[in-house]
Structures are given as C-alpha cells and as structure tokens.
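**Student:** Can you keep this structure in mind? I'll have questions shortly.
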C-alpha cells in the first residue's frame, strides 16, 4: 500500500481525481508536476504541501516560484524537473498521470529506483513496454495500472498463479461519441463533437483518442506489454454502457468481469492501496437502476485508427512508438483546427508506412522512431 505519492500531471483530469483519492486515503504528497497551469498548481501546493513542484513550461515555473515564495515548496522546471519528481526519495509511489510520450523517461527513472508505478500514462508501455517491464523485473518495481480497463483486468487476475490458465483478455470500449455513424460522417466530425464523450469526463487528447478508437488500440498494445500476452489472446468488445470495465476469460471458459460506475477514482484508489482495499471514494454501482448491458463487435472500417493500432501491435518493435508519436501529432493538429478529423488516421498510416521498424529497440531507438513519426505526421 502506498504512503507517499509523487504525482506527475497533477492539474489534469486524472491528476485532480488522484488528489481526491490521496486526500480521502490520508496519504501524503512528495511532489506535484504540471505543464503550465500555475493557478491550479499553486492551489494544490498550498493544500498538499509537497516538497517539490515542477512546471514543464519555464515561464510558468518562474511565476510559480514567486507565488510560493512564502512556502517551503521547491520549484523546478522542464524534463529534468519531471525526472527529479519521479525519483524523489520520499515517495514510495509515482503516479504517472501526464499525457503522451513525455511520461516515458521519468517513468523509467522511477522504475530503476524500484518504486511502485501507478500507471495512467499508457504511452509509456505502448512505446517502450519491453524496456519498462524488463527494468521492473530487475529493480523489483511494481507496475500497477490506473486505466480503468487495465485495472479491471488486473483485479480479475488476482489470485491467478498460472497465466497459462488465461484464455483471453477482453478489453471493453465505449465506442465513443461516433459509434453507429457512417465512415464519411465521422471523417468530417467537428472538435466539439469529438470531445462530447457519452460516459467519461477526460482530457481533450484522450477524449479524441476515444472518438477515433485509437485509445482502445493503445490499450491493446499496453495489455500485451503489461500482462506479457500475445495479440491473439487479447480481444476488444464495444460495451456502450461502460459498466463492465474489462474481463478475463479462463481456459475453463469462466469469464470474470470487474464492474463499477464510470469513475476513475475507483481504479486510482486500487492502484494506490493494492493489495489492500479501503473504504470507497467513488459512488457504488446500483444494479437495479443501471442500464441493460450490451456488447458489439468493433467497426474496423468506420474506425481505421483501431485497425492501424492492431497492425502495429502485431509488428511490434518501434512500430508502436511510431503509431503513438504520429497519433499525438495528428490529434494535436486536429484540436488546433488545422486538419479534419478523418486526417488523423491518414497521417498515422503515412508514418507507419514511412518509418523503418527496429525490433527489440533501445531507448534511443524508441525516441528516434517517435521523432521521425512526428515529423512525417506533421507534414
């Protein structure tokens, strides 16, 4: 069970909910990091009194340093500050709630120190999962997932001593806001429509990934690395209600499912308190009032990003880093209003075709593939 937390990405959606859980569970905070939201970071620092606060943006760090001059909180900045927060001695757990590739290097640094990693940054395992898991094997670091789907699988695997008994991991997908739409209509969707998720309240990038179903493709790759499962033993089913968060099917055809309301505080809490369970922060699921549970096969034609992700998963190596880097770039361009929604998949496909794949890559090769993918996707 965690006692002292370093929270990377404290001002985002997951970060704010994580602080709710930390406060409710009586845990302490060693470090907080954010990009440039100085107002929210100041409020969090005054409430939780971390030893260290980090702003990725240098000008934001300078402003925060002035605002917190009457406190003992030290302020750092940039990627070096993020690594400092991830390796701060007082923290036994690093909760990585930053979005994107920026979370990879600090997570690896925390893994090397043997800390528990409460992982909400899926890009870390997507891009360099083998490096992360091998590092955890060497250091004894615990990798505990925060994503609701992977937390569900993690919970359904508790008590299972022989992974050979697992027949299949079943990831559930809400289908996002465009489920049931024609491909042509999806391709011209607006930013406002893409950000209108039916069940979850998330940051803009993850919400767009849910709209393209890329988010589910990234989780497919994450499951391969986290649970060391081949792609043929992982499947995806669309479950519009987001009540069943994922399932595990065993060799005797028993299927275990983890259920709950769509609230990220439940998987956050379990990642921090595992192997114990503590009094709930999230609201309970009322089986008598919840909607009927439905299941559908994914529509790969209408959502080409999902197909691209599954192909990258099978190719493995740096293909998954290329997929992620190109997608981050394309989603950013879409949110800036520079490309239509349908161009996200096209730019990812172009990067996957144009960047050579390296198998069993080093960290430097992963980072190089990411840079090349971003360059191609941004053109």
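Numbering (the working numbering), first residue to last: 1326 to 1704. Using N, Cα and C, we set each Cβ at its ideal position, and we do this for glycine too.
With DSSP as the reference, label residue 1492 as helix, strand or coil.
**Tutor:** Position 167 of the chain shown, counting from 1, holds the residue named residue 1492. The answer is strand: DSSP assigns residue 1492 an E or B state.
**Student:** What number of angstroms, rounded off, separates the C-alpha of residue 1674 from the C-alpha of residue 1633?
**Tutor:** Counting from 1 along the chain shown, the entry for residue 1674 is found at position 349. Counting from 1 along the chain shown, the entry for residue 1633 is found at position 308. The straight-line gap from Cα to Cα measures roughly 7 Å.
**Student:** Can residue 1330 and residue 1422 be called in contact, C-beta distance under 7 Å?
**Tutor:** Counting from 1 along the chain shown, the entry for residue 1330 is found at position 5. Counting from 1 along the chain shown, the entry for residue 1422 is found at position 97. In this structure, residue 1422 does not lie closer than 7 Å to residue 1330 by Cβ.
**Student:** Alpha carbon to alpha carbon, how far is residue 1609 from residue 1702? Give it in angstroms, no decimals.
**Tutor:** Working through the chain shown from its first residue, we reach residue 1702 at position 377. Working through the chain shown from its first residue, we reach residue 1609 at position 284. Going from the Cα of residue 1702 to the Cα of residue 1609 covers about 43 Å.
**Student:** Rounding to the nearest angstrom, what Cα-Cα distance links residue 1445 and residue 1470 in this structure?
**Tutor:** What you label residue 1445 is simply residue 120 of the chain shown in a count that begins at 1. What you label residue 1470 is simply residue 145 of the chain shown in a count that begins at 1. The alpha-carbon atoms of residue 1445 and residue 1470 are separated by roughly 6 Å.
**Student:** What separation, rounded to the nearest whole angstrom, lies between the Cα atoms of residue 1531 and residue 1540?
**Tutor:** Within the chain shown, numbered from 1, the residue matching residue 1531 stands at position 206. Within the chain shown, numbered from 1, the residue matching residue 1540 stands at position 215. In a straight line, the C-alpha of residue 1531 is about 7 Å away from that of residue 1540.
**Student:** Between residue 1442 and residue 1435, how many whole angstroms is the CB-CB distance? I'm expecting something under 8 Å.
**Tutor:** Residue 1442 sits at position 117 when you count from the first residue of the chain shown. Residue 1435 sits at position 110 when you count from the first residue of the chain shown. Indeed, because the Cβ distance is near 6 Å, the residues count as touching under 8 Å.
**Student:** Apart from the five residues on each side of it in sequence, which residues of its chain come closer than 7 Å, Cβ to Cβ, to residue 1437?
**Tutor:** Numbered from 1 along the chain shown, position 112 holds the residue referred to as residue 1437. Within the same chain, residue 1437 has close Cβ partners 1460, 1464.
**Student:** Going straight from the alpha carbon of residue 1341 to that of residue 1357, what length do you get?
**Tutor:** Numbered from its first residue, the chain shown carries residue 1341 at position 16. Numbered from its first residue, the chain shown carries residue 1357 at position 32. Spanning the two alpha carbons is a distance of roughly 11 Å.
**Student:** My parser needs the alpha helix (DSSP H) runs of 4 or more residues fully inside the region 1441 to 1513; what are they?
**Tutor:** If we require 4 residues or more, the alpha helix (DSSP H) runs fully inside the region 1441 to 1513 come out as 1447 to 1464, 1473 to 1481, 1508 to 1512.
**Student:** Give the secondary structure of residue 1566 by DSSP, where H, G and I count as helix, E and B as strand, and everything else as coil.
**Tutor:** Position 241 of the chain shown, counting from 1, holds the residue named residue 1566. Three-state DSSP puts residue 1566 in coil, outside helix and strand.
**Student:** Would you mind reading off the limits of the beta strand (DSSP E) that contains residue 1330?
**Tutor:** If you number the chain shown from 1, residue 1330 lands on position 5. Residues 1329 to 1333.
**Student:** Report the option in 1495, 1537, 1524 whose CA atom is closest to the CA atom of residue 1514.
**Tutor:** For the purposes of this step, residue 1514 is taken as the residue at position 189 of the chain shown. Residue 1514 has its Cα closest to that of 1537, out of 1495, 1537, 1524.
**Student:** Can you grab the Cα-Cα spacing for the pair residue 1529 / residue 1508, in whole Å?
**Tutor:** Taking the first residue of the chain shown as 1, we reach residue 1529 at position 204. Taking the first residue of the chain shown as 1, we reach residue 1508 at position 183. Whole-angstrom Cα-Cα distance: 22 Å.
**Student:** Starting from the Cα of residue 1577, find the closest Cα among 1414, 1489, 1548 and give me that residue.
**Tutor:** Position 252 of the chain shown, counting from 1, holds the residue named residue 1577. The option with the nearest alpha carbon to residue 1577 is 1489.
**Student:** Is residue 1601 closer than 7 Å to residue 1326 when the C-beta atoms are compared?
**Tutor:** Translated into positions along the chain shown, residue 1326 becomes position 1. Translated into positions along the chain shown, residue 1601 becomes position 276. Yes, the Cβ-Cβ distance between residue 1326 and residue 1601 is below 7 Å.
**Student:** Answer yes or no: do residue 1383 and residue 1354 have a C-beta to C-beta separation smaller than 7 Å?
**Tutor:** By 1-based counting over the chain shown, the position of residue 1383 is 58. By 1-based counting over the chain shown, the position of residue 1354 is 29. No, these two residues do not count as a Cβ contact at 7 Å.
**Student:** Below 7 Å between beta carbons: does that hold for residue 1584 and residue 1559?
**Tutor:** Position 259 of the chain shown, counted from the start, is the residue given in the question as residue 1584. Position 234 of the chain shown, counted from the start, is the residue given in the question as residue 1559. Their beta carbons are not under 7 Å apart, which means residue 1584 does not touch residue 1559 by this criterion.
**Student:** Going by the DSSP bridge assignment, what does residue 1584 pair with across the sheet?
**Tutor:** As a position in the chain shown, residue 1584 is number 259, starting the count at 1. Residue 1584 pairs with 1569.
**Student:** Please report how far the alpha carbon of residue 1491 lies from the alpha carbon of residue 1629, in whole angstroms.
**Tutor:** Counted from its first residue, the chain shown places residue 1491 at position 166. Counted from its first residue, the chain shown places residue 1629 at position 304. Rounded to whole angstroms, residue 1491 to residue 1629 spans 29 Å at the Cα level.
**Student:** Use the C-beta contact count for residue 1517: other C-beta atoms within 10 angstroms, 16 or more gives buried, fewer gives exposed.
**Tutor:** Walking along the chain shown from the start, residue 1517 turns up at place 192. With fewer than 16 Cβ atoms within 10 Å of its Cβ, residue 1517 is classed as exposed.
**Student:** Name the one or two DSSP bridge partners that residue 1402 has.
**Tutor:** The residue you call residue 1402 lines up with position 77 of the chain shown. Residue 1402 is bridged to 1380.
**Student:** Kindly indicate the opening and closing residues of the beta strand (DSSP E) around residue 1357.
**Tutor:** As a first step, residue 1357 must be located in the chain shown, where it is residue number 32. Segment 1353 to 1359, the beta strand (DSSP E) holding residue 1357.
**Student:** Quick one: residues in its chain with C-beta nearer than 8 Å to the C-beta of residue 1493, no 5 flanking neighbours on either side, listed in chain order?
**Tutor:** Within the chain shown, numbered from 1, the residue matching residue 1493 stands at position 168. Result list for residue 1493: 1558, 1559, 1560, 1573, 1574, in chain order.
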